[in-house]
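Comments concern the structure below.
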Amino acid sequence: MALGCRGNPKGKARLKAKMTTSTMLRKSWIPITYFLFIIMLLASGWMAYSAAGNYERKTEELTDKLHTKPKVKTLLKWLAEGATFKIYKGYSTELEEVEALMAEIEIYKKRAIFATIAFFVLSVFFLAFVYWLISKPALFILTLLVISSIALAVGLFAPILMIVGYKEMPMLGEVVFLFQSKGIITTIGTLWTSGNVVVAIPLFLFSVMIPFLKTLLMGLALFGHALASKSLHLIKYIGKWSMADVFVVALLLTFFTLNKDKSTDAQVQIGLYFFACYVILSMIASHLLTKSK
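Just so you know, we're using the numbering used here here: the sequence shown kicks off at 42 and counts up by one.
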């Protein structure tokens, strides 16, 4: 076959054309696949954030119905419905509304969990695709920065910790006296509006500004910018002041402490997992970048 191609100019041209087409196809599907991974990560991150926000709002709506005054009204409706032999159906109607609300809460919770798992699975496949099929260290570090940036954005805006405080009261049963669901951005906003500027500013700097600045500097160093050497020194310096990892540990300690209290229920939300993902990937990217330069 090879001898035939050598003696036949047309056969040689066809073989060359096939090889060229194959190379072009290979070169074209790799960047397409790369950008498809980014789009899917953005979509799953947005779905997780949206579902977590809806879960938070519906849970707050449910806990509002379990405060003391609403519970008293519910008790009166129950008595009125019993006294009228269910001619008045205020209690039954309210019970149906609560059950529907609880079903919605469960749906949004499952959606948030599913989207979060999808994000992490896609991230693993994305990194494996770049590491084994493309095998370019610089592109692998860039991929780490892309994934960590998306994770950071979701981690900052999505709820991180949900706290519900409740107690048993005679006749009324379980009554909610506290509901708080906070993310990093919402916490900073609450601190700022309540006048705790001294706490809000450092939290904003260490949890928002420094992580984004660190990612930007790593991007500049990766692409061989004129400020690349200075960027590496700044990355090492900023890493000492970054409190992202400390923040994650503090939140976990808060969670375990609150769960020891029988009258308080603390739930870790998806924002913490995304923020922890940023911390881990950012550390790996920083290590690989400083090692390669």
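All C-beta atoms, glycine included, are put in the ideal place defined by N, C-alpha and C. Note that the structure is predicted; figures quoted are calculated from it, not measured.
For Ala144, there are no CB contacts under 6 Å within the same chain when 5 residues up- and downstream are skipped.
When the five nearest sequence neighbours on each side are left out, the beta carbons in the same chain lying within less than 7 Å of the beta carbon of Ala179 are those of Leu263, in order along the chain. Proximity of the segment 250-258 to the segment 224-235 falls short of the contact definition, fewer than three beta-carbon pairs being nearer than 8 Å. Shortest Cα-Cα distance from Ile158 to any of Ser176, Ile73 and Ser85 involves Ser85. With contacts defined as CB atoms closer than 8 Å, Ser333 and Ser189 fail to qualify as a contacting pair. With a beta-carbon spacing of about 6 Å, Ala156 and Ala92 fall inside the 8 Å limit used to define contacts. By the neighbour-count criterion, in which 16 or more other beta carbons inside 10 Å mark a residue as buried, Gly312 falls on the buried side. In the DSSP assignment, Thr234 falls within the unbroken alpha helix (DSSP H) covering Ile225 to Thr234. In the three-state reduction of the DSSP assignment, Ile204 falls in the strand class, which pools E and B.
Each residue's CA atom was taken as its position, placing Val162 and Leu82 some 10 Å apart. Cβ-Cβ distances below 8 Å link Gly260 to Leu183 and Leu186 in the same chain, with the five nearest sequence neighbours on each side left out; the list follows chain order. The three-state secondary structure of Thr74, taken from DSSP, is helix.
If you draw a straight line from the Cα of Ser222 to the Cα of Ile204, it comes to about 6 Å. In the three-state scheme derived from DSSP, where H, G and I count as helix and E and B as strand, Ala307 is classed as strand.
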